[in-house]
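Numbering (the working numbering), first residue to last: 113 to 585.
Each residue gets a CB set at the ideal place from its N, CA and C atoms; glycine is no exception.
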Ligand SMILES: Cc1cc2nc3c(=O)[nH]c(=O)nc-3n(C[C@H](O)[C@H](O)[C@H](O)COP(=O)(O)OP(=O)(O)OC[C@H]3O[C@@H](n4cnc5c(N)ncnc54)[C@H](O)[C@@H]3O)c2cc1C
């Protein structure tokens, strides 16, 4: 059996011989069943609280593997789950075929057209150096280890290029997708307009993307990083940030995190085990101009650690300093339609000194600029026009689930008076993605109804359901 089939098959009535057939005749990559170290490694996730336990895993190496795996699942009547860099696992994939894409790493850059073609297994950390050496940059997110396709299909909100260029989804030219009928399709605004619209914002609900083509921009450097203040100064820093953020030009982006950091040697000395306010800043312009923009924040309180400077675009991860290693956590997100003084006071009361808050991070991202602009080719990204997004997480395992979920709920509920009516699907937590009404609300009724229609057409049996699931209309 050539080592391609490992472990015992079981769940969902899968017959061992069917898996053998898949492994030996039709799929080039490994086919892994539960009970082996290879299966466990293939099911690894970034959030250790989110276990993935599919009936079988297909480690796809090419479009053909994805097509065969989806055909196999459709014939067997079992669902399909997809995993790339595993930063947003929202379901266990029980009884499903899990297609992992991390072996699919081919990419090419067309310097003249300023476009990139990237296979489904690439992370931003793998794309950024390749485009940077050609003087170009993609609309990447805060964490370079996040997968390109999952990020982009969920909108893709960049802390560097977003306010200047809009969502990553707004700059997609083409998607190669295996749909529920097992066919590989080239999806463009001209070939399959509805499917193109739905995939960009509707994410993995409509098929498995094998390759994506998107625009890149002539940006090589930026001025930015973080100003870290002691958490004792939260009220002053937050007030300065609240008044300052809306004054920034479109080429500058900011967010603020209230952080209770672990005592880790990987963190800069002043941050180890510290309670800090982290003002993130990125500016597409000169250091002189950036420093002028940043001056009001520097004056807000004594700076504990200053990492702002001129950096190559490959250092985009230094803006947010998101945690890289897998860990167990619970998270929640919401959007705000405004952030007035009272909301800032609420943030201080809920997360500031003496609040008893145990969230590792509560961050508020200021959006606006090109984030509000309708793209040339419309898509299903739902949060245009919303000025702020809030994201919080608390670190701990299942034994602390009730406590940490309670903490997160208390903080998020505190912002109910300023809540906007849609949310960013890229930030939906497992708990939020399981809430069908919440998913509907994330899009708003009209957009959701259109997505449900597209889903009914392309995936009537809901084969692709291990995500924030849009039910076939
Ligand atoms: C630390 C951190 C920082 C982040 N920062 C940002 C940010 O700045 N801006 C932003 O917009 N988002 C951000 N995100 C959210 C991130 O974009 C999403 O979590 C994204 O889905 C992660 O993709 P992945 O490949 O890593 O995850 P995975 O868990 O592998 O995939 C997540 C989902 O994406 C879909 N998907 C993935 N690959 C495919 C495919 N080939 N075909 C079809 N569907 C697919 C599926 O629905 C899958 O369930 C961040 C997340 C984390 C954890």
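| Asked | Found |
| --- | --- |
| Residues bridged to residue 227 [DSSP beta-bridge criterion] | 222, 327 |
| Three CB pairs or more closer than 8 Å across the stretch 308-317 and the stretch 578-585 | yes |
| Residue 424 versus residue 383 - alpha carbon distance | 23 Å |
| Bridge-paired residues (DSSP) for residue 249 | 329 |
| Distance cut-off 7 Å: residue 472 Cβ against heavy atoms of ligand 1 | no |
| C-alpha distance - residue 378 paired with residue 499, whole-angstrom precision | 33 Å |
| Cα-Cα separation between residue 508 and residue 473, rounded to whole angstroms | 13 Å |
| Nearest-angstrom Cα separation, counted from residue 140 out to residue 114 | Legend: pLDDT at residue 114 = 38, less than 50; position of this residue unreliable, value from coordinates given subsequently. Their backbone Cα atoms lie some 11 Å apart in a straight line. |
| The stretch 413-433 / the stretch 441-452 touching (three or more Cβ pairs under 8 Å) | no |
| Limits of the alpha helix (DSSP H) - the one that residue 454 falls within | 453-463 |
| Near ligand 1: residue 434 beta-carbon under 7 Å from a heavy atom | yes |
| Inter-residue Cα distance where the pair is residue 354 and residue 557 | 31 Å |
| For residue 571, three-class secondary structure by DSSP | coil |
| Residue 387 to residue 177 span [Cα, whole Å] | 47 Å |
| DSSP-derived helix/strand/coil call for residue 432 | helix |
| Cβ-based burial, residue 298 [other Cβ within 10 Å; buried from 16] | exposed |
| Buried versus exposed call for residue 240 [16 or more other C-beta atoms within 10 Å across all chains shown] | buried |
| Close-in-space but distant-in-sequence residues of the same chain around residue 321 (CB under 6 Å, 5 per side omitted) | 232, 261, 287, 289 |
| Heavy atom of ligand 1 within 7 Å of residue 201 beta-carbon | yes |
| Proximal residues to residue 237 (C-beta, below 7 Å), its chain only, five neighbours per side dropped | 256, 257 |
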